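> To start, I am sharing the structure in question, which I have written as structure tokens.
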Amino acid sequence: MSRKLLGFSMSKYSNEFKLIIVNEWLVGQNGLKKLAKKYNIPTFRSIVEWRDEYLMTGSIGSKSHKSYSPEFKITVLNYLETHSQSEASRYFAVFPSTTIANWLRTYRKFGYNGLKPKPKGRQPTMGRKRIHPLTPEQQELADLKQENYQLKMKVAILEKLKALVDQRTEKNKRQ
Numbered sequence: 001m002s003r004k005l006l007g008f009s010m011s012k013y014s015n016e017f018k019l020i021i022v023n024e025w026l027v028g029q030n031g032l033k034k035l036a037k038k039y040n041i042p043t044f045r046s047i048v049e050w051r052d053e054y055l056m057t058g059s060i061g062s063k064s065h066k067s068y069s070p071e072f073k074i075t076v077l078n079y080l081e082t083h084s085q086s087e088a089s090r091y092f093a094v095f096p097s098t099t100i101a102n103w104l105r106t107y108r109k110f111g112y113n114g115l116k117p118k119p120k121g122r123q124p125t126m127g128r129k130r131i132h133p134l135t136p137e138q139q140e141l142a143d144l145k146q147e148n149y150q151l152k153m154k155v156a157i158l159e160k161l162k163a164l165v166d167q168r169t170e171k172n173k174r175q
């Protein structure tokens, strides 16, 4: 069979192709190593992971991406201290097992905060001013401008109040 008919490329196998191989293993036609050789898969360990995922979840390659909490990720990473990545993948039903490797790499680089979910989608660039920290001189100028504005408002209020008082006084004198 050609690679196109089987539905996979050199670097990534389709879920349908993985299911074909797992089903072939399930009916007992071939062992894992023979299947790897038959379909030119570099290592039978890939088939082991596909098999485990199928046996644990009943499918291969979930259509929806699961979101895991940072606490769950830490629990999985702690499990790695005494178990292999593939064992952790099976135990916690996290497939593919490379997901766990990604968590570990992220945790080593960014710590706990790196395990928190990231906002989805592209950041908006228009209609939003970028906030840059002010230098001490700029902050002092901004504070003085704010104070000046507040004082002008107070003066305007006092002038309006004085005008009202004068108006009432004038009205009372006429009566």
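Going by our numbering, the first residue of the sequence shown is number 1, and it counts up by one from there. Glycine is no exception: its CB is placed at the ideal position from the N, C-alpha and C atoms. Nothing here was measured: the structure is a model prediction, and the numbers come from that model.
(1) Could you check if L35 is buried or exposed, using at least 16 other CB atoms within 10 Å of its CB as the buried criterion?
(2) Quick check on F95: buried or exposed, where buried means 16 or more other Cβ atoms within 10 Å of its Cβ?
(3) Would you call I47 buried or exposed, if buried means 16 or more other Cβ atoms sit within 10 Å of its Cβ?
(4) Ignoring anything shorter than 4 residues or poking outside the region 49-94, list the alpha helix (DSSP H) runs there in chain order.
(5) Counting along the chain, where does the alpha helix (DSSP H) carrying R122 start and finish?
(6) Quick check on DSSP: helix, strand or coil for T169?
(7) Looking at K116 and P42, is the spacing between their C-beta atoms short of 7 Å?
(8) For N30 and I21, I'd like the C-alpha separation in whole angstroms.
(9) Between A156 and L164, what straight-line distance do the alpha-carbon atoms span, to the nearest angstrom?
(10) Rounded to whole angstroms, how far is the Cβ of L32 from the Cβ of F44, which I believe are closer than 8 Å?
(11) Apart from the five residues on each side of it in sequence, which residues of its chain come closer than 8 Å, Cβ to Cβ, to L77?
(12) If you reduce the DSSP assignment to three classes, tell me which class Y149 lands in.
(13) Would you kindly report the start and end of the unbroken alpha helix (DSSP H) that includes I100?
The structure says:
(1) By the Cβ neighbour-count rule, L35 is buried, with 16 or more other Cβ atoms within 10 Å of its own.
(2) The residue in question, F95, is buried, as its Cβ has 16 or more Cβ neighbours within 10 Å.
(3) Buried, by the Cβ-count rule.
(4) List check, alpha helix (DSSP H) in window: 70-79 and 85-92.
(5) Going by DSSP, R122 is part of no alpha helix (DSSP H) at all; its letter is neither H nor E.
(6) T169 falls in the helix class under three-state DSSP.
(7) Not in contact: P42 and K116 (Cβ atoms no closer than 7 Å).
(8) So the alpha carbons of these two residues sit roughly 9 Å apart.
(9) If you take the alpha carbons of A156 and L164, they lie about 12 Å apart.
(10) Your pair L32 and F44 checks out as a contact, with CB atoms roughly 4 Å apart and the cut at 8 Å.
(11) Take L77, set aside five residues on each side of it, and the residues of its chain with a beta-carbon closer than 8 Å to its own are I100, W103, L104 and Y107, in chain order.
(12) Residue state, collapsed to three classes: helix.
(13) Counted as a single uninterrupted DSSP element, the alpha helix (DSSP H) harbouring I100 occupies residues T98 to F110.
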